[in-house]
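Since the structure comes first, as structure tokens, the remarks are kept for the end.
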Amino acid sequence: MKAKTKRLLSLTSLMVIFAAGCAVIFYNLRGNLVFFYSPTELIEKENSISQKIRLGGMVKKNSVEKKMITENDIKIQKVTFKITDFKNEVIVSYKGILPDLFKEGQGVVVEGKLNDQKGFVALNVLAKHDENYMPPELKGLDLENGAN
Amino acid sequence: MTYFIDFINSEKHFYYVFSSYLIVFFLLILIFILTSTKVKKLEKKLNNKLHNESQD
Amino acid sequence: MITKLANPNSFQKLSDKIYFPCLNLSIFFLVISLYYSFFASPPDYLQGETVRIMYIHVPCAWLSLSTYSLMAVCSFISIVFKHTLADIISRACAPIGACFTLATLITGSIWGKPTWGTWWVWDARLTSELILLFIYVGHIFISNAYNDRRKGDKNAAILTLIGVINLPIIKWSVDWWNTLHQPASISKFSSPSIDQSMLVPLFLMLISFSLFFTTLLILRIKSEIMIRKIEIIEFNQN
Numbered sequence: 177m178k179a180k181t182k183r184l185l186s187l188t189s190l191m192v193i194f195a196a197g198c199a200v201i202f203y204n205l206r207g208n209l210v211f212f213y214s215p216t217e218l219i220e221k222e223n224s225i226s227q228k229i230r231l232g233g234m235v236k237k238n239s240v241e242k243k244m245i246t247e248n249d250i251k252i253q254k255v256t257f258k259i260t261d262f263k264n265e266v267i268v269s270y271k272g273i274l275p276d277l278f279k280e281g282q283g284v285v286v287e288g289k290l291n292d293q294k295g296f297v298a299l300n301v302l303a304k305h306d307e308n309y310m311p312p313e314l315k316g317l318d319l320e321n322g323a324n
Numbered sequence: 014m015t016y017f018i019d020f021i022n023s024e025k026h027f028y029y030v031f032s033s034y035l036i037v038f039f040l041l042i043l044i045f046i047l048t049s050t051k052v053k054k055l056e057k058k059l060n061n062k063l064h065n066e067s068q069d
Numbered sequence: 010m011i012t013k014l015a016n017p018n019s020f021q022k023l024s025d026k027i028y029f030p031c032l033n034l035s036i037f038f039l040v041i042s043l044y045y046s047f048f049a050s051p052p053d054y055l056q057g058e059t060v061r062i063m064y065i066h067v068p069c070a071w072l073s074l075s076t077y078s079l080m081a082v083c084s085f086i087s088i089v090f091k092h093t094l095a096d097i098i099s100r101a102c103a104p105i106g107a108c109f110t111l112a113t114l115i116t117g118s119i120w121g122k123p124t125w126g127t128w129w130v131w132d133a134r135l136t137s138e139l140i141l142l143f144i145y146v147g148h149i150f151i152s153n154a155y156n157d158r159r160k161g162d163k164n165a166a167i168l169t170l171i172g173v174i175n176l177p178i179i180k181w182s183v184d185w186w187n188t189l190h191q192p193a194s195i196s197k198f199s200s201p202s203i204d205q206s207m208l209v210p211l212f213l214m215l216i217s218f219s220l221f222f223t224t225l226l227i228l229r230i231k232s233e234i235m236i237r238k239i240e241i242i243e244f245n246q247n
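Read top to bottom, the protein sequences are chains A, B and C. So for the first sequence, the numbering used here puts the first residue at 177; every next one is plus one. So for the second sequence, the numbering used here puts the first residue at 14; every next one is plus one. So for the third sequence, the numbering used here puts the first residue at 10; every next one is plus one.
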């Protein structure tokens with residue numbers, strides 16, 4: 177066997193083995209690599225209350241309530257809303273400024289803890305953008321067609 | 014043109030977009046200048062060597 | 010044809026011929042795409058004006074991945090067939106790829122602040138792209154770490170081949186795992202979920218950046234070939 181063919185065969189087989197190994201590792205790591213849990217996963221998982229977790233989903237339409245409260249003589253905005261994955265929903269409360277893209281019917285990821293009443297206390301709110309890009313003129317058009 | 018005027022007037026977003034374009038073009042121009050100066054230097058060196066070699 | 014191109018001298022003749030057309034075309038497309046991205050494309054219905062960052066973010070990201078793919082092919086050829094040109098191309102690619110990856114990370118971060126409300130999160134897409142940057146930097150360091158250049162070439166090639174596993178992770182991380190980063194808007198199997206008026210500047214910018222990549226690659230290959238020629242002359246003199 178020529179040295180070249182030998183190198184070709186050994187390198188190819190090494191790479192196949194390496195790729196297979198990585199595939200196995202990542203397949204098993206799948207559950208640990210998620211950035212956030214959906215409401216259904218959160219309810220099924222029964223997380224311990226003290227653990228800091230991330231929860232993601234859609235902000236349920238007409239569920240956002242904002243009110244101003246005074247805490248230590250500073251006015252803060254308190255927001256409560258429901259995060260849904262269209263199967264289950266979780267009530268989230270948050271104190272602070274929301275990102276500009278936070279809107280009803282849009283994706284959101286919140287970071288925080290479950291409290292005892294099955295509610296979620298968010299310390300951080302991140303807006304999740306979807307893969308759709310379009311000019312504002314088309315927005316109204318799309319809302320009529322894209323009712324789900 | 015109205016798009017551009019709207020863009021210039023969108024204070025906060027304008028700075029985000031402008032700075033990201035600035036950084037990308039700075040990076041690309043930087044690597045281009047570094048590479049072309051390297052090529053020029055090497056060309057000089059190679060020509061010198063070739064010249065010396067033909068003299069030997 | 011391929012054997013002819015693989016000869017560094019004839020490769021250089023060809024690359025000298027296409028260098029200026031590439032550079033000029035790249036600038037030409039850049040001007041058009043800048044016009045489209047600032048004057049002829051609308052803001053997004055949700056993100057507003059920050060959508061314009063996407064026109065440079067996405068081409069940079071695509072190029073950071075395709076540069077790596079080219080490096081991986083060259084590393085494979087370098088190890089199996091021991092061809093000098095493959096080593097030269099790998100060496101020439103790494104700094105360009107690192108540049109595009111850094112540009113991707115920075116523009117993505119600047120886009121993330123107004124859109125998500127954070128500069129950085131440790132989700133699968135962002136983390137794997139950061140690892141790509143580390144691999145590029147590692148490649149540059151390893152290939153220059155040895156006095157014997159061929160040893161550096163070999164070890165850098167091995168690193169590149171190990172790092173190939175990162176490519177599918179970056180590409181499909183948004184589909185495999187829950188990430189904050191949105192899934193791809195343009196895929197082979199479905200019509201793009203980007204409006205046409207926003208696709209035009211995106212593709213023009215991609216053409217411009219790819220041509221600029223080719224220009225840079227030609228320049229860097231040229232310098233690598235010259236370094237080797239100088240070494241041969243020095244070796245003969247001693």
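Where is the CB? At the ideal position from N, CA and C, for every residue including glycine. Here the structure is a predicted model, which is why all the values come from computation and not from measurement.
Near chain C, meaning a CB-to-CB distance below 7 angstroms, the residues of the segment 227-261 of chain A are G232. E66/B carries a helical assignment under DSSP once its states are collapsed to helix, strand and coil. Comparing alpha-carbon positions, the option among F212/A, E217/A, N238/A and M244/A lying closest to I229/A turns out to be F212/A. For G126/C, the nearest beta carbon of chain A is closer than 7 angstroms to its own beta carbon.
Taking C-beta atoms as the reference points, L302/A and G126/C count as a pair closer than 7 angstroms. One thing to note: K243/A has its Cβ within 7 angstroms of the Cβ of K254/A.
Closer than 7 angstroms at the C-beta level to chain B, one finds these residues of the segment 223-234 of chain C: L225, L228, R229, K231 and S232.
As computed with DSSP, E247/A is found in a beta bridge with I250/A.
Comparing alpha carbon positions, the residue from M214/C, L213/C, V130/C and L43/C closest to Y16/B is L43/C. Here F222/C is actually not in contact with I65/C; their C-beta atoms are around 14 angstroms apart, not less than 8 angstroms.
Within the segment 53-114 of chain C, the complete alpha helix (DSSP H) segments of 4 residues or longer fall at 60-90, listed in chain order.
Look at the segment 131-208 of chain C and you find no whole run of beta strand (DSSP E) that is 3 residues long or longer.
Here the C-alpha atom of M207/C lies approximately 21 angstroms from the C-alpha atom of K25/B. Here G161/C has I151, S152, N153, A154 and Y155 as same chain residues with Cβ atoms under 8 angstroms from its own Cβ, once five neighbours each way along the sequence are excluded.
Cβ-Cβ separation between I179/C and L74/C: approximately 6 angstroms, consistent with a contact (criterion under 8 angstroms). Residue-level contact check: K304/A touches chain C, since one or more beta carbons of chain C fall below 7 angstroms from its beta carbon.
The Cβ atoms of L55/C and D132/C do not sit closer than 7 angstroms to each other. S67/B and N61/B have their C-alpha atoms roughly 10 angstroms apart.
In this structure, S232/C lies near L55/B, with their beta-carbon atoms less than 7 angstroms apart. For I229/A, the secondary structure class from DSSP, reduced to helix, strand or coil, is strand. Boundaries of the alpha helix (DSSP H) around K26/C: P17 to F47.
Taking the Cβ atoms as the reference, E217/A lies roughly 19 angstroms from P192/C, outside the contact range of under 8 angstroms. A straight-line Cα-Cα distance of about 59 angstroms links P312/A and D157/C. For K236/A, there is no enclosing beta strand (DSSP E), since its DSSP letter is neither H nor E.
Contacts with chain C at 7 angstroms (Cβ-Cβ) include N308/A. Contacts with chain B (Cβ-Cβ distance below 8 angstroms) from the segment 101-126 of chain C involve P104, I105, C108, L111, A112, I115, T116, I119, W120, K122 and P123, listed in chain order. Going by beta carbons, V209/C and L187/A fall outside the 7 angstroms limit.
For A303/A, the beta-bridge partners assigned by DSSP are V284/A.
Neighbours of S50/C in chain B, taken as residues whose beta carbon is under 7 angstroms from its own, are Y16 in chain order. Around H64/B, no beta-carbon contact reaches into chain C at under 8 angstroms, the shortest distance being about 11 angstroms.
Contact check for T169/C against S87/C fails: the beta carbons are separated by 7 angstroms or more.
With respect to I119/C, S33/B sits close: the two C-beta atoms are nearer than 7 angstroms.
Between K238/C and chain B, the shortest Cβ-Cβ separation is below 7 angstroms.
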